[in-house]
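Peer 1: Protein sequences, first through last, are from chains R and X.
Numbering follows full-length UniProt numbering, in which position 187 of the first sequence is assigned residue number 187; successive positions increment by one, without gaps.
Numbering follows full-length UniProt numbering, in which position 108 of the second sequence is assigned residue number 108; successive positions increment by one, without gaps.
Backbone N, C-alpha and C fix where the C-beta goes; we use that ideal spot for every residue, glycine too.
Below are the structure tokens for one structure; questions will follow.
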Amino acid sequence: MRSVLTVIKEQFQSFYLVRRLSVYEMKSANSNNYLGVLWEIINPMIQIAIYWFVFGFGIFHSAGRGDVELSGELIPYFPWMLSGIVVWFFINQAILQGSKSVYTRIKMISKMSFPMSVIPTFVIFSKLYQHLMLLAVVLVIFQFLGYPINIFYIQLPYFIISTIVFLVALSLITSTISTIVRDFQMLIQSLVRILIYLSPFLWPPYHLQPEIIQIIMKLNPIYYLAEGYRASILGLSWYPVEHWEYTLYFWGITVSLLIFGSILHVKFRDRFVDFL
Amino acid sequence: MAKTVVLRNVTKKYKLYEDSKEKLLDIVLPKSFGEDFYALQNINFEAAKGDVVGFIGINGSGKSTLSNIIAGIIPPTSGELKINGKTALIAVNAGLNTQLTGRENIELKCLMLGFSQAEIKKLEPHIIEFADLGKFIDQPVKSYSSGMKSRLGFAISVNIDPDILVIDEALSVGDQTFAEKCLDKMNEFKAHGKTIFFISHSISQMKRFCEKALWLEYGKVRDFGLIEEVMPRYEKFLKQYKAMSLEEKRTFREAAIKEQMGQA
């Protein structure tokens, strides 16, 4: 429990550091391109277009299942997909970069007095800016898709914060393990590739039979985040309240990850340099 | 005199593994796998304000490990380490982000060392002036020559006003004028009563600059004292060592390595 407090204290005390370092992080990631940060928008947009073509147009539309039923409403595939996948690009990048954050930067940090636990955090924050830009663009698109600004938008900050806390907790674990055993990064890469298909981003898993499979899929906390974003952007429901059991489950998982991650991180962080 | 650096029985142990399986088992299981290797063994010494201590010893004697421990980059395995004040390490490959410009690196480095925005604003012109990189300060560091990189690293480290400065072979790159400039700066530090640790293979530079010498031999302190006393002994040893036949050198090394494995 002490290590959890240490980690949380470091996060808050070093918040200024996190903000500044994440800006440099973004700068150095994009310094080679002429369009710079713009690629952080263009890249997801290209992927969204191809996903729409393959899944929406190619598979679902031609099978006559172009609409998705959600909360008693029929929603065309494209807005359904777009409203969820907008958070995927953040989760995807944050998991991948977060897990290699420590071992790629420890040389640069090279001071034991540096609050190590903020390394994954500032890497995740540098991805957050991209996410916020993409989210803004996507929200503008939704105004033209027939899903105008609505009261349910006020859930969005809650889901953005939930996503950040979840990713930070997860990255504490993954960054520690992949510093010690570099192979873990490879495993993470394949798992993340699978994750997009196991979460409700590309295809609607609402009517899977037998029902147990739906429940198993919901065990994945990213499911909660995707559906939360969707409910907020499409203006469907007060998701965290209406699914309060699921909200409790999500926070239970997140807090467990945070506790486990903190213990692991604090146990090994003095020796990170030795594992290089 | 106030002690700034105190080391008591400081030991740094590394593990040597035969293969990656052993390494994994060692992390996962409580039982110890792999062979021990003592890079430093029971190091005891003290340094006070204004001391300039040179680390001497042949390759692999643990000079760089010791300087990294004093600079707070790697933790000792056991023993007590007391450091009073801010340390700065100057090494040839100072951790710079090659994608960012020199100016951005200055800001980044200072941020990581815990300076506030206002302090960085104040420090920046001094660092830029000292590094003397001209227009290159706004170019990405990847376009720098090795001399320019070490100049930038040195400029950052000396301008953050450390109480304890560790210089690891950093003066061997860079031209004569810059080395002179650095030595001037170091003399200024000496006058201000800062503790300096100096590592170099150049004995003449050592003699000119250091007051004390710590002679390391395969992870142990062989001798520690005033440079006038230690240096002649070290030079005598070097002469003997050079005069040894290949066979003798090998037995000498093997005995030392055995000791470092903790078998002696």
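1. Could you check the C-alpha separation between X:Glu46 and R:Ser14 for me, to the nearest Å?
2. Considering only DSSP beta bridges, list what X:Leu16 is partnered with.
3. For R:Lys127 versus R:Gln155, is the C-beta distance shorter than 8 angstroms?
4. Tell me the rounded alpha-carbon separation between X:Pro76 and X:Ile69.
5. Over the uninterrupted beta strand (DSSP E) stretch that includes X:Asp223, give me the two end residues.
6. X:Ile73 lies in the beta strand (DSSP E); which residues open and close that run?
7. In chain order, what residues of the stretch 59-84 of chain X put their CB closer than 7 angstroms to some CB of chain R?
8. List the whole-angstrom C-beta distance separating X:Asn105 from X:Leu152, where the pair is believed to meet the contact cut-off of C-beta under 8 angstroms.
9. Our contact map puts R:Phe272 next to R:Val7 with C-beta atoms below 8 angstroms; I'd like the distance itself, whole angstroms only.
10. My assumption, with CB atoms under 8 angstroms, is that X:Thr65 sits in contact with X:Ala88. Please give the rounded CB distance.
11. So does X:Ser78 have its beta carbon nearer than 7 angstroms to some heavy atom of the ligand HEM?
12. Would you report the Cα separation of R:Leu276 and X:Thr101, rounded to the nearest angstrom?
13. Below 8 angstroms, can you find three or more Cβ-Cβ pairs linking the stretch 113-124 of chain R to the stretch 200-214 of chain R?
14. Let's test the definition: count the other Cβ atoms within 10 Å of the Cβ of X:Asn194 and tell me whether it reaches 16, buried, or not, exposed.
15. Report the rounded CA-to-CA distance for R:Phe12 versus R:Ser171, giving the unit in angstroms.
16. Residues of chain X with a CB under 8 angstroms from the CB of R:Val181: which are they?
17. If we define contact as Cβ-Cβ less than 8 angstroms, is R:Arg19 a contact residue for chain X?
18. If X:Ile199 and X:Ile167 are in contact, beta carbons under 8 angstroms, what's the gap, nearest whole angstrom?
19. Does DSSP put R:Pro148 in a helix, a strand or coil?
20. Name the residue from R:Trp251, R:Leu134, R:Pro44, R:Gln97 whose alpha carbon lies nearest to the alpha carbon of R:Thr179.
21. Closest Cβ-Cβ distance between X:Leu108 and chain R: below 8 angstroms?
22. Along the chain, where does the beta strand (DSSP E) that runs through R:Pro69 open and close?
23. Quick one: which chain R residues come within Cβ less than 7 angstroms of X:Met261?
24. Nearest CA to the CA of R:Ile91: which residue from R:Ile196, R:Val37, R:Gln209, R:Asn150?
25. Could you tell me which whole alpha helix (DSSP H) segments of length 4 or greater appear in the stretch 71-157 of chain X?
26. Assuming residue 265 of chain X contacts X:Tyr218 (C-beta within less than 8 angstroms), just tell me the rounded distance between them.
27. What does R:Pro76 pair with, by DSSP beta-bridge criteria?
28. Taking 8 angstroms as the CB-CB limit, is X:Ala264 close to chain R?
29. Whose C-alpha, out of X:Met112, X:Ser146, X:Leu216, X:Gly34, is nearest the C-alpha of X:Met261?
30. Taking the alpha-carbon positions, what's the X:Ile127 to R:Val137 distance?
31. Secondary structure at R:Arg105, three-state DSSP: helix, strand or coil?
32. Can you give me the start and stop residues for the alpha helix (DSSP H) that X:Lys207 sits inside?
33. Which residues bound the beta strand (DSSP E) around R:Phe57?
34. Run the CB neighbour count on X:Ala255, radius 10 Å, all protein chains shown included, and call it buried at 16 or more, exposed below.
35. Who are the near neighbours of X:Met206 in its chain, counting only those whose CB is closer than 8 angstroms to its CB and skipping five residues on each side?
36. Against chain X, with Cβ distances strictly below 8 angstroms, would R:Phe108 count as a contact?
Peer 2: Let's see:
1. Take the alpha-carbon of X:Glu46 and the one of R:Ser14: they are about 33 angstroms apart.
2. X:Glu35
3. no
4. 6 angstroms
5. 220-226
6. Note, X:Ile73: premise wrong, no beta strand (DSSP E); not H, not E.
7. Gly72, Ile73, Ile74, Pro75
8. 7 angstroms
9. Contact between R:Phe272 and R:Val7 does not hold, since their C-beta atoms are separated by about 15 angstroms, which reaches or exceeds 8 angstroms.
10. X:Thr65 to X:Ala88, Cβ: 18 angstroms. No contact.
11. Questions concerning the ligand HEM fall outside what the structure shown contains, since it holds no ligand whatsoever.
12. 26 angstroms
13. no
14. The amino acid at residue 194 of chain X is misidentified as Asn; the sequence shows Lys. When all chains shown are included, X:Lys194 counts as buried.
15. 17 angstroms
16. Leu24, Ile27
17. no
18. 7 angstroms
19. Three-state result, R:Pro148: coil.
20. Comparing Cα positions, the closest option is R:Gln97.
21. yes
22. According to the sequence shown, residue 69 of chain R is Glu rather than Pro. Residue range 67-70 is occupied by the beta strand (DSSP E) that includes R:Glu69.
23. What X:Met261 touches in chain R: nothing, since even the nearest Cβ is about 18 angstroms away.
24. R:Ile196
25. 102-112, 117-131
26. Absent from the structure is residue 265 of chain X, since the part of chain X shown begins at 1 and ends at 264.
27. R:Asp67
28. The pLDDT assigned to X:Ala264 is 48, lower than 50, so where the model puts this residue is not dependable; a value taken from the coordinates is nonetheless given after this. Closer than 8 angstroms: no.
29. Checked all of X:Met112, X:Ser146, X:Leu216, X:Gly34; the closest Cα to X:Met261 is X:Gly34.
30. 41 angstroms
31. In the three-state DSSP reduction, R:Arg105 falls in the helix class (H, G or I).
32. 203-209
33. Annotation for R:Phe57: no beta strand (DSSP E) segment contains it, and DSSP assigns it neither H nor E.
34. exposed
35. Gly54, Ile56, Phe198, Ser200, Ala213, Ile227, Met231
36. Looking at the sequence shown, residue 108 of chain R is not Phe but Met. Yes, its Cβ sits closer than 8 angstroms to a Cβ of chain X.
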